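Peer 1: These protein sequence lines are chains W and E, in that order. Position 148 of the first sequence, counting from 1, maps to 148 under UniProt numbering, and the rest follow consecutively. Position 85 of the second sequence, counting from 1, maps to 85 under UniProt numbering, and the rest follow consecutively.
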Amino acid sequence: MSTLEIKDLHVSVNTEDGPKEILKGVTLTIKDGETHAIMGPNGSGKSTLAYSIAGHPRYEVTGGTVTLDGEDVLEMSVDERARAGLFLAMQYPVEVPGVSVSNFLRTAKTAISGEAPKLRTWVKDVNGALDLMNLDSTFSSRSVNEGFSGGEKKRHEIAQLDLLDPKVAILDETDSGLDIDALKVVSEGVNRFRERDNKGVLLITHYTRILRYIKPDYVHVFVDGKVADEGGPELADELEANGYEKYLGSKV
Amino acid sequence: MSAVATPVEGALEVDRVDSHLHPEGSFNVDDHPVPTGREEIWRFTPLKRLKGLHLDVPLSGTSYDASIEAPEGVQVERITDGSLKGVSGLVPWDRIAARALAEAGETLAVTIPAETELDRPVFVTLKGTGTDEATATHAVIRAERFSSATVIVRFEGAMTLADNVEVVVEDGAKLTLVSIDDWADDAVHVGHRHIRVGRDAEFKHVDITIGGDVVRHDTTAEYSGPGGSVEMLGLYFADAGQHIEHRLFVDHTAPKTKSHVVYKGALQGEKAHTVWIGNVLIRKVAEGIETYEENRNLVLTEGCHADSVPNLEIETGEIAGAGHASATARFDDEQLFYLRSRGISEQEAQRLVVHGFFNDLIRKIGVPELEEQLAATVEAELAKNVLKELA
Numbered sequence: 001m002s003t004l005e006i007k008d009l010h011v012s013v014n015t016e017d018g019p020k021e022i023l024k025g026v027t028l029t030i031k032d033g034e035t036h037a038i039m040g041p042n043g044s045g046k047s048t049l050a051y052s053i054a055g056h057p058r059y060e061v062t063g064g065t066v067t068l069d070g071e072d073v074l075e076m077s078v079d080e081r082a083r084a085g086l087f088l089a090m091q092y093p094v095e096v097p098g099v100s101v102s103n104f105l106r107t108a109k110t111a112i113s114g115e116a117p118k119l120r121t122w123v124k125d126v127n128g129a130l131d132l133m134n135l136d137s138t139f140s141s142r143s144v145n146e147g148f149s150g151g152e153k154k155r156h157e158i159a160q161l162d163l164l165d166p167k168v169a170i171l172d173e174t175d176s177g178l179d180i181d182a183l184k185v186v187s188e189g190v191n192r193f194r195e196r197d198n199k200g201v202l203l204i205t206h207y208t209r210i211l212r213y214i215k216p217d218y219v220h221v222f223v224d225g226k227v228a229d230e231g232g233p234e235l236a237d238e239l240e241a242n243g244y245e246k247y248l249g250s251k252v
Numbered sequence: 001m002s003a004v005a006t007p008v009e010g011a012l013e014v015d016r017v018d019s020h021l022h023p024e025g026s027f028n029v030d031d032h033p034v035p036t037g038r039e040e041i042w043r044f045t046p047l048k049r050l051k052g053l054h055l056d057v058p059l060s061g062t063s064y065d066a067s068i069e070a071p072e073g074v075q076v077e078r079i080t081d082g083s084l085k086g087v088s089g090l091v092p093w094d095r096i097a098a099r100a101l102a103e104a105g106e107t108l109a110v111t112i113p114a115e116t117e118l119d120r121p122v123f124v125t126l127k128g129t130g131t132d133e134a135t136a137t138h139a140v141i142r143a144e145r146f147s148s149a150t151v152i153v154r155f156e157g158a159m160t161l162a163d164n165v166e167v168v169v170e171d172g173a174k175l176t177l178v179s180i181d182d183w184a185d186d187a188v189h190v191g192h193r194h195i196r197v198g199r200d201a202e203f204k205h206v207d208i209t210i211g212g213d214v215v216r217h218d219t220t221a222e223y224s225g226p227g228g229s230v231e232m233l234g235l236y237f238a239d240a241g242q243h244i245e246h247r248l249f250v251d252h253t254a255p256k257t258k259s260h261v262v263y264k265g266a267l268q269g270e271k272a273h274t275v276w277i278g279n280v281l282i283r284k285v286a287e288g289i290e291t292y293e294e295n296r297n298l299v300l301t302e303g304c305h306a307d308s309v310p311n312l313e314i315e316t317g318e319i320a321g322a323g324h325a326s327a328t329a330r331f332d333d334e335q336l337f338y339l340r341s342r343g344i345s346e347q348e349a350q351r352l353v354v355h356g357f358f359n360d361l362i363r364k365i366g367v368p369e370l371e372e373q374l375a376a377t378v379e380a381e382l383a384k385n386v387l388k389e390l391a
């Protein structure tokens with residue numbers, strides 16, 4: 001049983017002209033076994049929601065609550081959130097020169113499970129996870145994200161999702177910049193994660209393309225820092241046909 | 001004073017260049033006035049902490065034990081007639097170098113004979129046993145034609161030392177010189193290294209600076225023929241109150257030569273101070289050369305100070321490439337966020353980033369027995385601040 005509950009979340013960032021409110025009261029509940037898609041035009045606050053839940057210091061929460069199974073997420077540090085079971089697959093994964101993928105994965109796994117993984121099975125697990133993402137075994141000796149292609153970065157994120165096995169995964173525009181083959185590989189990875197028991201997924205995307213491979217249970221349309229519309233998968237079809245004009249139009 | 005005349009240099013017509021990059025040298029101590037600290041070459045150095053090395057204190061101390069472990073075939077000699085002073089083309093370019101060269105009683109000469117390829121390193125260890133009296137030493141490392149060797153010089157314990165190390169890499173030879181300043185906290189070391197790189201020769205300098213109160217190294221490389229290459233890899237870690245200064249000068253005195261310099265340092269603790277001066281001169285004769293120098297500093301705590309000054313002076317446009325980079329920064333917030341978003345604690349994330357920062361460099365050293373040891377050294381340094389809360 002795991003539930004990520006976001007209630008009336010308000011988030012600001014500091015700009016040269018002072019604080020600017022990006023999220024203006026977001027309410028969303030992701031129960032286990034559910035996949036929620038958040039769609040919306042650029043600048044609507046989708047990524048801000050993802051980074052705020054993960055605890056990026058750039059974003060200041062000015063109101064509302066976020067809880068995971070009743071625990072106050074906003075009180076936790078970035079790494080505590082991850083250890084509590086949250087995972088953010090980033091749109092722009094960060095390079096960490098000199099730190100190998102294998103060292104990084106082992107350190108992360110050890111942190112999250114509280115003990116070092118058993119060496120024998122772990123190497124097999126890592127190679128298996130990389131292989132499923134079409135990443136060969138030399139990949140683990142490369143520096144984290146350094147010199148990775150756009151597709152490799154995203155596949156590496158999903159390999160981490162597989163190995164770290166969180167309760168709730170937030171995928172921030174994981175589909176952007178992927179060709180169709182890579183998109184399929186990444187989608188299959190996400191679907192394998194969804195098949196596990198009690199997993200929640202919050203899938204943030206600008207395009208409907210990925211929703212052909214990952215079927216959401218709910219679709220939320222994000223406009224100007226708020227949920228402007230909600231529905232089932234059919235809402236994605238409607239967005240595919242008509243775009244965001246309707247919502248943007250209503251704003252004016 | 002005239003430059004040291006050797007037939008090879010004469011043939012290359014290395015002209016005098018008016019620039020602070022290469023002041024005119026002299027073997028005569030009196031030609032070098034006592035520095036005041038306002039001179040360009042002294043302005044970063046805390047003269048008061050040099051225990052008089054720059055003044056007139058005698059340099060006749062013997063508070064050290066030297067040991068050398070050399071594979072068969074290597075010649076090790078102690079020469080007392082002064083005949084090897086300046087053999088690499090060194091003409092002391094500051095007062096401490098001149099004093100140290102004049103007062104050093106003997107020369108430790110290590111020679112790798114022509115065409116000898118060593119399969120294990122030569123180890124030289126200098127262990128200081130007290131800082132009260134100042135000491136001058138002189139060493140000459142010569143890799144003869146087509147030889148190949150690694151020499152590891154380790155400084156430990158505490159002493160007040162002014163030394164000159166001269167290196168001659170003859171035509172076609174390959175020499176890796178590893179210098180490790182692993183001093184006790186109160187050591188003072190002002191060192192001068194002068195390297196002459198022969199035709200098609202390869203010289204690699206691995207320069208590790210960890211301990212000591214004040215450590216200042218002047219390292220100058222020049223070429224006696226075309227096609228030579230110099231790689232300088234530096235790693236330093238300055239703790240509270242420590243002053244670590246590296247002054248590098250690569251003098252491209254021959255065509256088609258290469259130099260690649262990367263120094264990386266970390267600073268932690270109140271008044272940790274590092275200085276990196278990276279000077280490169282490309283002379284008129286030095287057509288078709290390639291040079292790149294880079295210095296990166298990672299500032300781990302408040303109260304540290306890193307100076308980083310690359311200089312490139314180019315007298316010919318006919319070069320293959322020349323560039324430099326310098327960056328001094330704190331931890332990258334985005335890197336830490338990425339690692340922490342995977343459950344890794346803040347300290348552990350910092351530890352990973354610092355190891356990663358140095359690993360890039362350590363991997364290039366190419367001396368296996370050293371690489372593991374250096375990773376452990378980095379870990380031990382981190383334990384002083386970054387990892388304190390983890391313990």
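We treat Cβ as the ideally placed atom computed from N, Cα and C, and that holds for glycine. Given the structure is predicted, the values throughout are model-derived calculations rather than measurements.
On the criterion of 16 or more Cβ atoms from any shown chain inside 10 Å, does residue 258 (chain E) qualify as buried, or is it exposed?
Peer 2: Counting Cβ neighbours within 10 Å, residue 258 (chain E) comes out buried, since at least 16 surround it.
Peer 1: Output needed in chain order: residues of the region 128-139 of chain W with a Cβ under 7 Å from some Cβ in chain E.
Peer 2: Listed in sequence order: no entries.
Peer 1: Report the neighbours of residue 260 (chain E) on chain W: residues whose CB is nearer than 9 Å to its CB, in chain order.
Peer 2: The premise fails here: residue 260 (chain E) is roughly 18 Å from chain W at the closest Cβ pair, so nothing lies under 9 Å.
Peer 1: What's the C-alpha gap between residue 129 (chain W) and residue 159 (chain W)?
Peer 2: One C-alpha to the other measures close to 5 Å.
Peer 1: For residue 126 (chain W), which residues in chain E fall below 7 Å Cβ to Cβ?
Peer 2: Residues of chain E passing the Cβ test: none, with the nearest at roughly 14 Å.
Peer 1: Whose CA, out of E:151, E:117, E:79 and E:50, lies closest to the CA of residue 134 (chain E)?
Peer 2: Minimum Cα distance to residue 134 (chain E) is reached at E:50.
Peer 1: Under 8 Å between C-beta atoms, does residue 360 (chain E) make it to chain W?
Peer 2: Yes, because at least one Cβ of chain W sits closer than 8 Å to the Cβ of residue 360 (chain E).
Peer 1: Strictly by DSSP, which residues pair up with residue 144 (chain W)?
Peer 2: DSSP lists W:96 as partners of residue 144 (chain W).
Peer 1: Could you tell me whether the Cβ of residue 249 (chain E) comes closer than 8 Å to any Cβ of chain W?
Peer 2: Answer no: the Cβ-Cβ gap between residue 249 (chain E) and chain W never drops below 8 Å.
Peer 1: For chain W, check one thing: does any of its Cβ atoms lie closer than 8 Å to the Cβ of residue 390 (chain E)?
Peer 2: The predicted model places residue 390 (chain E) with a pLDDT of 46, which falls under 50 and marks its position as unreliable; any figure quoted below should be read in that light. No, no contact with chain W.
Peer 1: Have a look at residue 16 (chain W) and residue 71 (chain W) and give me their C-alpha separation to the nearest angstrom.
Peer 2: Near 34 Å, if we compare the C-alpha coordinates of residue 71 (chain W) and residue 16 (chain W).
Peer 1: Tell me which same chain residues have a C-beta within less than 6 Å of the C-beta of residue 208 (chain E), skipping the five on either side of it?
Peer 2: 180 and 235, listed in sequence order.
Peer 1: Among residues of its own chain, excluding the 5 on either side of residue 171 (chain W), which ones have a beta-carbon nearer than 6 Å to its beta-carbon?
Peer 2: Here the set comprises 89 and 203.
Peer 1: Quick check on residue 282 (chain E): buried or exposed, where buried means 16 or more other Cβ atoms within 10 Å of its Cβ?
Peer 2: Buried, because 16 or more other Cβ atoms sit within 10 Å of the Cβ of residue 282 (chain E).
Peer 1: What would DSSP say about residue 68 (chain E), mapped onto helix, strand or coil?
Peer 2: DSSP places residue 68 (chain E) in strand when its eight states are reduced to three.
Peer 1: What is the residue span of the beta strand (DSSP E) that residue 156 (chain W) lies within?
Peer 2: Not the beta strand (DSSP E): residue 156 (chain W) falls in the alpha helix (DSSP H), residues 150-164.
Peer 1: Within this structure, are the beta carbons of residue 27 (chain W) and residue 6 (chain W) separated by less than 8 Å?
Peer 2: Yes; because the gap between Cβ atoms is below 8 Å, this pair is in contact.
Peer 1: Between which residues of its own chain and residue 251 (chain W) is the CB-CB distance below 6 Å, once the five residues before and five after are set aside?
Peer 2: Confidence is the limiting factor: at residue 251 (chain W) the pLDDT is only 48, short of 50, which leaves the residue's position unreliable and the question unanswerable from this model.
Peer 1: Using the Cα positions of residue 211 (chain W) and residue 25 (chain W), report the straight-line distance between them to the nearest angstrom.
Peer 2: C-alpha separation (whole angstroms): 26 Å.
Peer 1: I want to know whether the region 337-351 of chain E touches the region 70-86 of chain W - three or more CB-CB distances under 8 Å.
Peer 2: With the cut-off at 8 Å, the region 337-351 of chain E and the region 70-86 of chain W touch.
Peer 1: Any beta carbon from chain W within less than 8 Å of residue 265 (chain E)'s own beta carbon?
Peer 2: Closer than 8 Å: no.
Peer 1: Taking 8 Å as the CB-CB cut-off, is residue 468 (chain E) touching chain W?
Peer 2: Lying outside 1 to 391, the shown extent of chain E, residue 468 (chain E) is not represented and no answer is given.
Peer 1: Round the Cβ separation of residue 399 (chain E) and residue 320 (chain E) to the nearest angstrom and send it over; I've been treating them as touching at under 8 Å.
Peer 2: Given a span of 1 to 391 for chain E in the structure shown, any question on residue 399 (chain E) remains unanswerable.
Peer 1: Of the choices E:87, E:219, E:152 and E:132, whose alpha-carbon is the least far from that of residue 118 (chain E)?
Peer 2: Nearest C-alpha to residue 118 (chain E): E:152.
Peer 1: DSSP three-state label for residue 94 (chain E), please.
Peer 2: Reduced to three states, the DSSP call for residue 94 (chain E) is coil.
Peer 1: Run down chain E in chain order and give the residues with a C-beta less than 8 Å from the C-beta of residue 83 (chain W).
Peer 2: In chain order: 343.
Peer 1: For chain W, find out if any of its Cβ atoms is closer than 8 Å to the Cβ of residue 294 (chain E); answer yes or no.
Peer 2: Cβ-Cβ to chain W under 8 Å: no for residue 294 (chain E).
Peer 1: Do you know whose CA, among W:169, W:140, W:148 and W:109, lies nearest residue 196 (chain W)'s CA?
Peer 2: If we check each option's Cα against that of residue 196 (chain W), W:169 comes out closest.
Peer 1: What residues from chain E crowd round residue 112 (chain W), counting only those whose CB sits closer than 7 Å?
Peer 2: Within 7 Å Cβ-Cβ: 343.
Peer 1: Does the separation of the CB atoms of residue 157 (chain E) and residue 185 (chain E) fall below 8 Å?
Peer 2: No. Outside cutoff.
Peer 1: Could you check if residue 11 (chain W) is buried or exposed, using at least 16 other CB atoms within 10 Å of its CB as the buried criterion?
Peer 2: It is buried - the Cβ of residue 11 (chain W) has at least 16 other Cβ atoms within 10 Å.
Peer 1: Buried or exposed: where does residue 112 (chain E) fall if 16 or more other Cβ atoms within 10 Å of its Cβ makes it buried?
Peer 2: By the 10 Å Cβ count, residue 112 (chain E) comes out buried.
Peer 1: Tell me which residue opens and which closes the alpha helix (DSSP H) that residue 358 (chain E) is part of.
Peer 2: Residues 346-362.
Peer 1: Within a Cβ cutoff of 8 Å, which residues of the same chain sit near residue 139 (chain W), ignoring the five residues on either side of it in sequence?
Peer 2: Counting only Cβ-Cβ distances below 8 Å, and skipping sequence neighbours, we find 101, 130, 152 and 156.
Peer 1: Report yes if the C-beta distance between residue 191 (chain E) and residue 165 (chain E) is below 8 Å; otherwise report no.
Peer 2: Yes. Within cutoff.
Peer 1: Output needed for residue 242 (chain E): all residues of its chain with C-beta closer than 6 Å, excluding positions within five of it in sequence on either side, in chain order.
Peer 2: Excluding positions up to five away in sequence, the list reads 272.
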